[in-house]
Each structure stands twice: as C-alpha cells, then as structure tokens.
Amino acid sequence: MTQPDCILGIDIGTTSTKVVLFSASGASLDQHTVGYPLLSAQPDVQEQDPEEIYQAVIESVRTVMQRHPARLKTLMGLSFSAAMHSLIAVDDRGQLLTCSITWADRRSTPWVSKVRQCCDAHALYARTGTPVHPMSPLVKLMWLRHEQPDLFRQAAKFISIKEYVIHRWFAQYVVDYSIANATGLFNMKALDWDAEALALAGITSAQLSQLVPTTHILSSMTSEAADSMGLPASVPVVIGASDGALGNLGMGAMTPDVVAITVGTSGAVRAMVDRPQTDPKERLFCYALTENHWVIGGATNNGGIILRWVREQLAMAETDTARLLQENPYDILTAIAATIPAGSEGLIFHPYLAGERSPLWNANARGSFFGLGLHHTKAHMIRAVLEGVVYNLYIVLTALEDVVGPASSIQATGGFARSTLWRQMLADVFNRVVTIPEVYESSCFGAAVLGLYALERIPHLEQVSEMIGESDRHCPIPENAQQYQVMLPLYMQLLESFAPFYETIAKIQST
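Structural data, given as structure tokens:
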C-alpha cells in the first residue's frame, strides 16, 4: 500500500493565497500563488471579494496538484493558515451580505472610544487578548449594528474568510480557537465565546461558528469542491490556525526568548508562551495556537504596503525601468536605498500611512517625513521609508521584551526577508544577530507542521526544530548600529510629539 508522504499548506493572506506542497519531512516540493486586490472605494474602506479569494484557493490547490498527479495517492491532507480579523456577514442561506471586511478597514474607528466608554476595556482585553481597535471584528460588529442596522438584522452568521472557504467545502460553520481569538469575542481562559463581548456586539453565540481546536480534522468534502480541485472528497482537512501563530511555528520560534519577525504586507513581532498572557499597557495581542501554545506580540499595519506606496507614488520611472529590464522593481528600489548611509543623513520617516496597530493602536495615526533638507534625494527618502518600518518594529520588540523578557534569538521571514539590505538593516537597528530560516513562507510551513501533528505524523509541535534550517545570518555592522542608536530616540521623541495631532489631521483628511 502506498504510504502518505506529502501535505498541502494553504495560507489565505491579505494580498494573495499561497499553497505549498511539502514532504512529510518538511521539504518544499512546489507552490503556487494567486493574488487579489484590496477594494478601497474610499480611504477608510479596505474590503475583499470572498468569491475571488475562494477561487484563488481553488486555483492554487488545483495547479499544484495538477503538476504532481502521482502525489494524489500519497497526499495525507490539507492544512490552513489565514489572515486574522476579517468579517463577513451571511444570511440564513449562506449568501454574502458583505464583502470580507479586512483588518485594514478603518470605518469602525469612532466606535473604539464608545467601547471604552461602555465597558471596562482593559478587562475585556485581558480576557480576549485582542486590543480594542478598528481591526477587531468586535468593534466592526458594533459599527455595523448601529450604522447599518438593516444589514445587521439580515445576518444569520458573522464569519471570517477561512470560515467562508470551509463552509463552501463542508457545509459547516466551524472556527478554530486561533482565528476566534483574534475577533475580540473569545475568552482565552474559558476557550469559549465571551458573554460580555457578545453583548457589546449585539449578537448571540448562535450567530458565530462552532469553536474547535486548531487540530480539528474535517472530512467528507462536497463533491463540487473536491472536483474543482481534482482532489478526492475523502481527503482530510486540518482547520489550522491564524497566519501569525503559524508563522512562529513555521520558524521554530516556540519559546518566549525566540522572537519571530514577519514582514509581508503588514508586519509582526511575536514570541510563544505556554499560557494566555497580556500586556498591562495593552500594547500587545495574545492569540492561541493550541491550548498549550499562545503567541504574544504586536502587529503593525505598515510593512510591505509602505514599499508599495513608494513604488507607486515616488518611483514610477524606476518601476518602468524594472519592467523593461524584466527585473523586480523592489530590487531596484532597495539597490537605490543601499547607496545612502545608515540614518539617511538625518531624514526620519514615520510609516503610519494605514493608521497603526502596535505599538500605537491608533487608527488615526499618519505618516510623516521629518528633517528634509535640500541635500536629500529620492534615494534618501526610499531608505528612510525602509528604516521607518524597522524603527517601528523595534518599538514593538521593546514592548514584547518588557512583558516576556529579553530575546536570545531573532528570526525574520516574509517578503521583506528576501531583501539582503532589509535583513541587514534589521540587525543594525536592533543591534542583534538576525537569522533567516530556509522557509520564507513560514505560515504555509507552520500550517503543514500543525497538519502533520493533527494527523499524528509527528509526536509534538516542537519537532519543527528538526525540520528547518538557517539560510542566512546577519550580524550588526558596528558603525551602522551606532548611528541607529542616535536615530531611534529621535524617532520616538518625534512620535510622541506628533501623536496629539493625528486625530485632527485624520478629520481634515476625511472631510
């Protein structure tokens, strides 16, 4: 009898879905990615089409398996990762009432202060692990309830994008502890929906999916879904967890002193603890991986999305050149930035173009250049943007170390980690050694490892350390690190000075 020897890791991300075929030992065999846009009819609107994302999942799985038909007989299962904080309303027939409202959507911003006025927000955060912020489905639900009441009343269920896909495959509404934990509606100690949070949102537990562990296995896929991917309907599907929690698992960052930094469209700094833990200053989240593995850290809105803004707004000529040369435009941008010394000769950029989660938790935060002089060029601005993203990550790391203790190891992955300049910048700003795991797509790999564990192919999650290797190691360059030690206090002092004006600027921009 042919032995199962491979597994699919599926990551439903903010800008694309990635599917990676892994061997049972963790080697990447093949992958396919399908991108999709954020729909932004207005600045505060950041939605996606659930059907478009569903088709991206189908196409990615089908494409990978069509390239490896022999692997169908040895495929042990599929396992999911997904972005957090999405919210979709569906009616009693499962029909869409809304698009997928993403973590980046800021329309519920006014309801943050109203939550804080009508409950003990710190106690709510301590129970749920989710800071009170417009990213949170709890706050989004309050906004929908009061500002779109007709739509709210029509909704039979409120779900995430992963739940939407799972429902299409199995006609069941189930949600794993990890995705549920990021809604602001989940009580971490009880592993159940939080009664006060539900009352604030104006919903009942019947309007949410059934809670299951991240190792929960679904079977008997609908024939329509199975046929669309060329899979047997009997293939086991592990529900999996959130992209953040699985990112740590995929990098082997399984203890409080090993910090994982991921920068894709957004960014995050995370560590793993063995029980729910929150920050007295509410700077950090805490989300489940399993009942004995909890990820604590901070997420930033402003990662690769900022470099995309630079490409589109400041570097059209360079982008056109890259297209003619058939090169990656981001490689050209980072090469330009590399011509400027560390510290950008006194130019500082605060990268809050999309509001901010950690460390500010302020949806009204806005970006700024400070220190511009006649000697500064476009190259200085590009480097300052990259540095600003890293400065912000440094503040998040400082908050994390305040809560869980100093980091002995820092590992970095995500799209930014493909850039040698950015990796070195991270080491220089943090003044620490930074290692880069072999697997860039850590959330896909984490999903596969969790799947192997759920399917009893590995005895414990810590075995991941035997499945990954180190591809690069970056040590701080002393003169760069010294320059950044001068710039970081300036960055933070300016941030404190600018913060009182964010709300006023945001109001002006919205009129």
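If you use my numbering, the sequence shown closes out at 1139, no skipped numbers anywhere.
The beta carbon of each residue, even a glycine, is placed where N, CA and C say it ideally should be.
Relative to residue 1108, the option among 1083, 1052 and 1137 whose CA is nearest is 1052. Looking only at 694, 865, 686 and 821, the smallest Cα-Cα distance to residue 844 is reached by 865. Burial state of residue 972 is buried, judged by a 10 Å Cβ sphere holding 16 or more other Cβ atoms. Here residue 639 is buried. Its C-beta has 16 or more other C-beta atoms within 10 Å. Going by C-alpha positions, residue 1075 is about 8 Å away from residue 877. Residue nearest to residue 932 within the set 1095, 631, 1012 and 1017 is 1017 (criterion: CA-CA distance). Contact check for residue 906 against residue 757 passes: the beta carbons are separated by less than 9 Å. Bridge partners of residue 1065 according to DSSP: 1098. If you look at residue 922, you'll find it in the beta strand (DSSP E) that goes 921–928.
Here residue 1055 has 1061, 1062, 1102, 1103 and 1104 as same chain residues with Cβ atoms under 7 Å from its own Cβ, once five neighbours each way along the sequence are excluded.
Taking 9 Å as the cut-off, the beta carbon of residue 981 is found no closer than this to the beta carbon of residue 1010. In this structure, residue 650 sits away from residue 892, with a CB-CB distance that is not shorter than 9 Å. The three-state reading of DSSP puts residue 821 in strand, counting E and B together.
CA-CA distance, residue 1127 to residue 993, rounds to 7 Å. The residue among 1088, 1072 and 1099 with its C-alpha nearest the C-alpha of residue 710 is 1072. For residue 1073, the uninterrupted alpha helix (DSSP H) segment begins and ends at 1070–1082. In this model, residue 828 and residue 1004 are separated by some 50 Å (Cα to Cα).
Around the beta-carbon of residue 871, 16 or more other beta-carbon atoms lie within 10 Å, marking it buried. Exclusion of the five residues before and after residue 806 leaves 842, 869, 870, 873, 915, 916 and 917 as the residues of its chain whose Cβ lies within less than 7 Å of its Cβ. The segment 1093–1100 makes no contact with the segment 663–679, as fewer than three CB pairs between them are under 8 Å. The segment 829–839 and the segment 781–790 touch, with three or more beta-carbon pairs separated by less than 8 Å. Rounded to the nearest angstrom, the gap between the Cα atoms of residue 745 and residue 739 is 10 Å.
With fewer than 16 other beta carbons inside 10 angstroms of its own, residue 1088 counts as exposed.
Every unbroken stretch of the beta strand (DSSP E) spanning 3 or more residues and falling wholly within the segment 894–963 is given here in chain order: 895–901, 913–918 and 921–928. Residue 673 carries a coil assignment under DSSP once its states are collapsed to helix, strand and coil.
Looking from the CA of residue 889, the closest CA among 1037, 1079 and 644 belongs to 1037. Approximately 3 Å separates the beta-carbon atoms of residue 925 and residue 898; this is inside 8 Å, confirming the contact. Excluding residues up to 5 positions away in sequence, 1057, 1116 and 1119 lie with their Cβ nearer than 7 Å to the Cβ of residue 1019 in the same chain. Taking the CA atoms as reference points, residue 742 sits about 46 Å from residue 1084.
One Cα belongs to residue 1007, the other to residue 1121, and the distance between them is close to 25 Å.
For residue 642, same chain residues with a beta-carbon under 6 Å away, outside a window of 5 residues either side, are 711 and 893 in chain order. With respect to residue 812, residue 752 sits close: the two C-beta atoms are nearer than 9 Å. The residue among 788, 754, 733 and 672 with its C-alpha nearest the C-alpha of residue 909 is 754. Nearest neighbour of residue 881 by Cα position, chosen from 863, 901 and 895, turns out to be 901.
Counting only runs of at least 3 residues, the segment 737–796 fully encloses the following beta strand (DSSP E) elements, listed from N- to C-terminal order: 785–787. Between residue 966 and the set 1015, 1131, 954 and 1077, the nearest pair of CA atoms involves 1015.
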